[in-house]
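S.K.:
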Amino acid sequence: MAILRAGLCPGLTAEMIQVLKANSITTVVDLVSSDLEEVARKCSLSYKALVAVRRVLLAQFSAFPVNGADLYEELKSSMAILPTGSESLDKLLDSGLYTGEVTELTGAPATGKTQVCLSIAMSAAHGLRQSVLYVDSTGGFTASRLLQLAQTRMGGEEEQAEALQRIQVARVFDVYAMLDVVQELRCSMSQQVLSSSAPVKVLVVDSISAVICPLLGGWQAEGLALMMQLARELKMLARELSMAVVVTNHVTRESSSGHLKPALGRSWSFVPSTRVLLESRAGPGGNASTHRVATLTKSSRQPTGIEVELDIGSCGVLEESPAASAEGP
Amino acid sequence: MQRDVGSFPLAPGLRAKLIGAGFQTAEELLEIGPCELSKEIGISKEEALETLQIVRRECHSNATRTTGEPETVKKCTALELLEQEQARGFIITFCSALDDILGGGVQLTKITEICGAPGVGKTQLCMQLAVDVQIPECFGGLAGEAVFIDTEGSFIVDRVADIATACVQHCQLIAETHQEEDFQKSLETFSLESILSHIYYFRCHDYTELLAQVYLLPDFLSEHSKVQLVIVDGIAFPFRHDLEDLSLRTRLLNGLAQQLISIANAHKLAVVLTNQMTTRIGQSQSMLVPALGESWGHAATIRLIFHWDNKQRLATLYKSPSQKESTVPFHITPNGFRDVHPPPSSQTPAEIEINPRKRPRLEGENQ
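Chain order of the listed sequences is A and B.
Be aware that the first sequence starts at 7, since it is given in our numbering, and climbs by one per residue.
Be aware that the second sequence starts at 20, since it is given in our numbering, and climbs by one per residue.
1. With a floor of 3 residues, list each beta strand (DSSP E) that falls wholly inside the stretch 58-145 of chain B, ordered by position along the chain.
2. Could you check where the beta strand (DSSP E) with T303 of chain A kicks off and where it finishes?
3. If I measure Cβ to Cβ from A156 of chain A and keep anything under 7 Å in the same chain, skipping five residues before and after, which residues do I get?
4. Quick one: is V323 of chain A buried, meaning 16 or more other Cβ sit within 10 Å of its Cβ, or exposed?
5. Would you verify that the beta carbon of I120 of chain B is, or is not, closer than 8 Å to some beta carbon of chain A?
6. Secondary structure at F387 of chain B, three-state DSSP: helix, strand or coil?
7. Put P237 of chain B into one of helix, strand or coil per three-state DSSP.
8. For the putative contact between V141 of chain A and V210 of chain A, defined by C-beta atoms under 8 Å, what is the C-beta separation to the nearest angstrom?
9. For the beta strand (DSSP E) that N29 of chain A lies in, which residues bound it at each end?
10. Hey, would you say T148 of chain A sits closer than 8 Å to S341 of chain B, going by beta carbons?
11. Which first and last residues belong to the beta strand (DSSP E) in which K207 of chain A is found?
12. Would you call the CB atoms of L56 of chain A and L77 of chain A closer than 8 Å?
13. Who are the neighbours of A283 of chain B on chain A, taking C-beta pairs under 9 Å?
14. By the 10 Å Cβ neighbour count, where 16 or more other Cβ atoms means buried, how is M249 of chain A classified, buried or exposed?
15. Run down chain A in chain order and give the residues with a C-beta less than 8 Å from the C-beta of H317 of chain B.
16. Between the Cα of I110 of chain B and the Cα atoms of B:L236, B:M146 and B:A334, which residue gives the shortest distance?
17. Hey, how far is the Cα of R151 of chain A from the Cα of A114 of chain A?
18. According to DSSP, is F449 of chain B helix, strand or coil?
19. List the residues of chain A that R22 of chain B touches, going by C-beta distances under 7 Å, in chain order.
20. For L311 of chain B, I'd like the list of residues in its chain whose CB is within less than 6 Å of its CB, leaving aside the five on either flank, ordered along the chain.
21. Pull up the DSSP beta-bridge partners for M184 of chain A, would you.
22. By the three-class DSSP mapping on this structure, what secondary structure does I175 of chain B have?
23. Counting only runs that start and end within the stretch 9-83 of chain A, where is the alpha helix (DSSP H) found for 4 or more residues in a row?
24. Which residue's Cα is closest to the Cα of A165 of chain B: B:T196, B:V152, B:G39 and B:M306?
25. Keeping to the same chain, check which residues put their C-beta closer than 7 Å to that of E104 of chain A; ignore five residues upstream and five downstream.
26. Could you tell me whether the Cβ of P220 of chain A comes closer than 8 Å to any Cβ of chain B?
27. What did DSSP end up calling G274 of chain B once you bin it into helix, strand or coil?
28. Tell me whether K267 of chain A sits in a helix, a strand or coil according to DSSP, three-state version.
29. Examine chain A for any beta-carbon lying closer than 8 Å to the beta-carbon of Q226 of chain B, and answer yes or no.
30. How would you list, in chain order, the residues of chain B whose beta-carbon sits under 7 Å from the beta-carbon of Y182 of chain A?
31. Whole angstroms is fine: what's the gap from S266 of chain B's alpha carbon to L222 of chain A's?
32. With 16 as the cutoff for other CB atoms within 10 Å, does H297 of chain A come out buried or exposed?
33. Touch check for the stretch 137-146 of chain B and the stretch 173-180 of chain B: three-plus C-beta pairs under 8 Å?
34. Identify each residue in the stretch 149-171 of chain A for which the Cβ-Cβ distance to at least one residue of chain B is less than 7 Å, and report them in chain order.
35. Spell out whether any CB of chain B is found under 8 Å from the CB atom of C49 of chain A.
36. Taking 8 Å as the threshold, find out whether the stretch 311-326 of chain B comes into contact with the stretch 119-130 of chain B through three or more Cβ pairs.
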């Protein structure tokens, strides 16, 4: 619903706009949806000029359909699958994180969401040598833990230091600051003429519900609008700049049944393409405190409900040792 | 840069009017003046001017950011953060086992939550930390000050005086064995009076006062820049007995948590909260869980749960971004928070465990 301004397209002069405004045509939608013959008659403007303006406006503001085969070719060349650093988690996600999509990790407190995020960041920075932006809104980012994860991988101290330098951390604690960071990222990546660092390939937001939960609920629709704004920015980043976006979410308890469900409600549930739920269940023989189970709750590629077992130890998020995984999912 | 109008911190009614009039991006707003804006969407001239100022300020900060100047949101690499973390100290608890499982002590820039049943020692630990944060740097402390926000009225000055005296004696013992200049000098400023005068005490009677106090805290902290610890003793109490609207409670608590972590990060201090326990009745059994609900569990960065095992008090590290789960025992002595097996040199052999709220009269005990 853009407003008509002088210079929006060639042929749209300020006088034309004044005359149109006097006849209550103020936005682009108003102009392209009105009957041009009548407008030409009422405003005493040239019909040909109006048609030319409409054609240019339509070309500028409308979306064009793409052939499926062309889309496939484009995706084949631009999409990448990034391993998360844990083989069983990769199996759950159909071989890894897909760029161009938003993946969500949800779980109760102390189930390992931050640990998985750190592991993903380290795997992308060290293993794949890609730039990572980690947006921290809970204060859970600990650089010494990241160093611990780096030290268990192969490579000397220099490589570890390089990997740590590829991870940028932004600490934001309210939704406007988060919108700032996301928009600034889009701005800096689209204007990338000479940049000293590689383009950011993975964006980790830990956690998104910490900044949105204070705004939701009650009688205000404000919080919902901001949440959808943020969702749109994240999806645009993922799609246009072919990044993999990972988001963590909280859980709340359903009042009727007592089950845990992801926070932020039904509107948010349509935003990520893949959702993984982390739970801590007491392992059969293994260490109960580090045993976690990851369940796929939403995916466009794999059947939902498949589970894998993870072990969060000092070396990061590993798959369960063979002795204890005899039970299977 | 095409910034969407919805992403600016404007009032909702104003935003609705702007979008209704067709403004979508910041560029369109920057082109018109306040008089035209007020005529277009029907608001007063002052409101139009304010709106344009907000938009211009945000857009300019964006522009300077792309030329490399750091503005409101600072980004730094993980390597820089690692160096900062390694240079930062911890607040010790005087219980070496607890310090070990916490990774050195209570961490700065993070929220630590202590949950436990009544009488298990949460307030004792808070009082101990308020004294420990003031230990001079040459003894391994932070030489900072403390803010104590009390909602339950459980802060007893006599007890803090006892803990402070014991801490000063401990440092004097260390100074005597080492015989160095700076130790003696810092001991002159580290006395009972100075410790008590650097604990800033606030008493809040309900949740409104607590929210207001936290809201005004940044101003207080900018005047007292040496504060390194903020304690809120009893964050559950004002929110549990007065508030019936549960969704409002969740919203307020989440907002409070975000404000506290933002203060912790901006002023590089540690925030310690204490929470109560409640019973959750499951399918077949009931268990004790921390109060304030499921969503509050995400608010704290580090969570410690204190509980009893027969007569022994135990501390479990339940949630931490860098340490793994473990349980250690601890004692509460007349000198404060201590280990179960104290190092032989500094403590007397017979440690009596005393509940400070009910002090029995023992023979020969000085009042």
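Beta carbons are placed, not taken as given, at the ideal position from N, Cα and C, and that holds for glycine.
M.R.: If we stick to the structure as given:
1. 94-96 and 130-135
2. Here residue 303 of chain A refers to the residue found at position 297 of the first sequence. Start and end: H297 to K304.
3. By 1-based counting over the first sequence, the position of residue 156 of chain A is 150. Same-chain partners within the cutoff: M128, H132, Q166, A169 and L170.
4. Working through the first sequence from its first residue, we reach residue 323 of chain A at position 317. Burial call: buried.
5. Taking the second sequence and counting its residues from 1, the one referred to as residue 120 of chain B is at position 101. With 8 Å as the cut-off, I120 of chain B does not count as an interface residue toward chain A.
6. Because chain B is modelled from 20 through 386, residue 387 of chain B falls outside the range shown and cannot be assessed.
7. Here residue 237 of chain B is taken as the residue at index 218 of the second sequence, counted from 1. Helix, per DSSP.
8. Your numbering for residue 141 of chain A matches position 135 in the first sequence. Your numbering for residue 210 of chain A matches position 204 in the first sequence. Right, the Cβ-Cβ distance comes to about 7 Å (below 8 Å), so this counts as a contact.
9. To locate residue 29 of chain A, count along the first sequence from 1; it is residue 23. Counting along the chain, N29 of chain A falls outside any beta strand (DSSP E), and DSSP gives it neither H nor E.
10. Against the first sequence, residue 148 of chain A aligns to sequence position 142. Against the second sequence, residue 341 of chain B aligns to sequence position 322. Contact: yes.
11. The count along the first sequence starts at 1 and reaches residue 207 of chain A at position 201. Start and end: V206 to D212.
12. Taking the first residue of the first sequence as position 1, residue 56 of chain A is located at position 50. Taking the first residue of the first sequence as position 1, residue 77 of chain A is located at position 71. Cβ distance not < 8 Å, so L56 of chain A and L77 of chain A don't count as in contact.
13. Taking the second sequence and counting its residues from 1, the one referred to as residue 283 of chain B is at position 264. G145, listed in chain order.
14. Working through the first sequence from its first residue, we reach residue 249 of chain A at position 243. With 16 or more Cβ atoms within 10 Å of its Cβ, M249 of chain A is classed as buried.
15. Taking the first residue of the second sequence as 1, we reach residue 317 of chain B at position 298. Result: P115, T144, S213, S215, A216 and H256.
16. Reading the second sequence from its first residue, position 91 is the one you call residue 110 of chain B. When each option's Cα is compared against that of I110 of chain B, the closest is B:M146.
17. As a position in the first sequence, residue 151 of chain A is number 145, starting the count at 1. As a position in the first sequence, residue 114 of chain A is number 108, starting the count at 1. If you take the alpha carbons of R151 of chain A and A114 of chain A, they lie about 21 Å apart.
18. The structure shown does not extend to residue 449 of chain B, since chain B spans only 20 to 386, so no value can be given for it.
19. Reading the second sequence from its first residue, position 3 is the one you call residue 22 of chain B. Per Cβ cutoff of 7 Å: Q189.
20. Walking along the second sequence from the start, residue 311 of chain B turns up at place 292. Once the five neighbours on either side are set aside, the close Cβ partners of L311 of chain B are A255.
21. The sequence position of residue 184 of chain A within the first sequence is 178, counting from 1. In the DSSP output, where bridge partners are listed per residue, M184 of chain A has none listed.
22. Within the second sequence, the letter at position 156 stands for residue 175 of chain B. Three-state result, I175 of chain B: coil.
23. 20-28, 34-39, 42-49 and 53-67
24. For the purposes of this step, residue 165 of chain B is taken as the residue at position 146 of the second sequence. Considering only alpha carbons, the answer is B:V152.
25. Residue numbering aside, residue 104 of chain A sits at position 98 when the first sequence is read from its first letter. For the record, residue 104 of chain A in the displayed sequence is Tyr; it is not Glu. Once the five neighbours on either side are set aside, the close Cβ partners of Y104 of chain A are M85, I87 and A250.
26. The residue given as residue 220 of chain A occupies position 214 in the first sequence. With 8 Å as the cut-off, P220 of chain A counts as an interface residue toward chain B.
27. One-based indexing of the second sequence puts residue 274 of chain B at position 255. Looking at G274 of chain B - three-state DSSP - the assignment turns out to be helix.
28. Start at 1 with the first residue of the first sequence, and residue 267 of chain A comes out as number 261. Strand at K267 of chain A.
29. Here the question's residue 226 of chain B lines up with position 207 in the second sequence. In the sequence as presented, Gln is not what sits at residue 226 of chain B; that position holds Tyr. So, not an interface residue.
30. Here residue 182 of chain A refers to the residue found at position 176 of the first sequence. Neighbours of Y182 of chain A on chain B, chain order: P28.
31. Position 247 of the second sequence, counted from the start, is the residue given in the question as residue 266 of chain B. Position 216 of the first sequence, counted from the start, is the residue given in the question as residue 222 of chain A. Looking at the two C-alpha atoms, the distance is approximately 9 Å.
32. Along the first sequence, one-based indexing puts residue 297 of chain A at 291. So H297 of chain A counts as buried.
33. yes
34. A149, S150, R151, L152, L153, A167, L170 and Q171
35. As a first step, residue 49 of chain A must be located in the first sequence, where it is residue number 43. With 8 Å as the cut-off, C49 of chain A does not count as an interface residue toward chain B.
36. yes
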